[in-house]
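Residue numbers (my numbering): 5 to 44.
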């Protein structure tokens, strides 16, 4: 039973990290676009 719980936790953590890194990528792209529009 413990193995199943450990595996589930690993999957949740992995998905969370992927989601976070995906959002960071979107935010940095958005900031880059703002900088380009601002002409900086």
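Just so it is clear, CB atoms sit at the ideal spot from N, CA and C, and this is done for glycine as well.
None of these values were measured; they are calculated from a predicted model.
Q) Grouping DSSP H, G and I as helix and E and B as strand, with all else coil, what is residue 12? A) Correct three-state label for residue 12: helix.
Q. Can you tell me the Cα-Cα spacing of residue 39 and residue 32, whole angstroms?
A. Going from the Cα of residue 39 to the Cα of residue 32 covers about 10 Å.
Q.
Spatial neighbours of residue 16 within its chain, please: C-beta separation below 6 Å, excluding the five flanking residues on both sides.
A. Excluding sequence neighbours, residue 16 sits near nothing in its chain.
Q: In angstroms with no decimal places, state the Cα-to-Cα distance between residue 43 and residue 35.
A: For the pair residue 43 and residue 35, the Cα-to-Cα distance works out to about 12 Å.
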